[in-house]
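Undergrad: Please see the structure below; I have some questions.
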Amino acid sequence: MFMSQFSLDGRVAIVTGGSRGIGKAIAVGLAEAGADIVVASRKLPDLEAVANEISSLGRRSLAVAAHMGKTEDIQNLVARVNQEFGRIDILVNNAGTSPIFGWLLDAEERAWDHIMNVNLKGYFLMAQAVAKTMIAQKKGAIVNVASVAGLRPERGVGFYSISKAGVIMLTKVLAAEWGRYSIRVNAIAPGVIRTRLTQPIWGNPDYLKRVTESSALGRIGEPEEIVGAVLYLASDASSYVSGQTFALDGGEAGAAG
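Every number in the working numbering is 63 more than the matching position in the sequence shown, counting from 1.
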């Protein structure tokens with residue numbers, strides 16, 4: 064009976080940034096748990112490949128090109144999902160922009176605007192848009208993908224760290240406000256995961272050595288290792304969990320939960 068709480072049969076999930084890396088792994092993992100999946104990002108061809116993979120699992124899928132920094136794209140995405148599926152049970156806010164390496168003293172205002180617009184404002188606007196559907200359903204689960212960089216400052220990626228700290232507080236505020244509607248909002252904070260986004264880190268031998276030496280497991284993570292935590296937070300198995308941030312960093316020294 065307990066294992067059935069992890070089932071997502073009959074549910075519809077939106078995964079932003081779902082064309083590759085962590086987003087793709089989450090989208091496929093939720094489909095394997097029974098959910099129908101909508102994947103969204105800026106480039107449609109990459110999304111369609113993921114949607115086809117999900118369809119091969121016997122689940123309904125939809126690929127929608129949308130920029131998470133543009134309000135009109137977000138509104139069009141949510142409207143299309145409601146039209147095609149008639150419901151939205153799960154939102155995984157994963158779309159984000161790459162860290163800009165450098166020090167805040169030399170940073171440009173446009174870099175701040177770009178990172179905050181996608182990494183923080185986009186999460187809020189997506190959550191706000193789907194919440195209206197979830198309120199009508201009297202239930203929903205939102206999972207925000209933050210980062211351990213939001214739990215402690217990461218050298219050289221200050222704007223990124225600040226944006227992810229904002230995601231963690233956004234998670235807490237939305238959970239506090241929307242719990243009355245039976246909408247749960249949680250976050251995960253991955254450490255270094257082997258994706259294209261983090262290639263400058265794991266592709267640098269010195270930086271990789273520092274990261275792996277600070278990890279209790281002595282290695283970086285793989286995208287598939289993120290899926291279990293998201294499935295837990297998206298499913299009824301976590302029905303009494305909201306406003307929390309789970310660090311998925313291999314036990315990296317200095318991480319806070």
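We treat Cβ as the ideally placed atom computed from N, Cα and C, and that holds for glycine.
(1) Give me the Cα-Cα distance between GLU95 and LEU168, rounded to the nearest whole angstrom.
(2) Pair every Cβ in the segment 148 to 165 with every Cβ in the segment 72 to 87, then say whether three or more of these pairs are closer than 8 Å.
(3) Excluding the five sequence neighbours on either side, which residues of its own chain have a C-beta within less than 8 Å of the C-beta of VAL274, listed in chain order?
(4) I want to know whether the segment 287 to 306 touches the segment 245 to 254 - three or more CB-CB distances under 8 Å.
(5) Please state whether the Cβ-Cβ distance between ILE205 and LEU183 is less than 8 Å.
(6) Let's see if you can read the secondary structure: which residues bound the alpha helix (DSSP H) around ILE198?
(7) Run through DSSP, which three-state label would PRO268 get?
(8) For SER226 and ILE178, which I take to be in contact (beta-carbon distance under 8 Å), what is that distance rounded to the nearest angstrom?
(9) For GLU285 and PRO268, I'd like the C-alpha separation in whole angstroms.
(10) Which runs of the alpha helix (DSSP H) spanning at least 4 residues fall entirely within the segment 254 to 318, listed in chain order?
(11) With THR234 as the anchor, note down where its alpha helix (DSSP H) starts and where it stops.
(12) Would you mind reading off the limits of the alpha helix (DSSP H) that contains GLY132?
(13) Taking Cβ positions, are LEU93 and LEU71 nearer each other than 8 Å?
(14) Should ASN115 be labelled buried (16 or more other beta-carbon atoms within 10 Å of its own) or exposed?
TA: Per the coordinate set shown:
(1) Take the alpha-carbon of GLU95 and the one of LEU168: they are about 46 Å apart.
(2) yes
(3) GLY254, VAL255, ILE264, TRP265, ILE283, GLU315
(4) yes
(5) no
(6) Where ILE198 is concerned, the enclosing alpha helix (DSSP H) stretches over 185 to 200.
(7) Three-state result, PRO268: helix.
(8) 5 Å
(9) 17 Å
(10) 262 to 265, 268 to 276, 290 to 297
(11) 221 to 241
(12) Neither: GLY132 is in no alpha helix (DSSP H) and is coded neither H nor E.
(13) yes
(14) exposed
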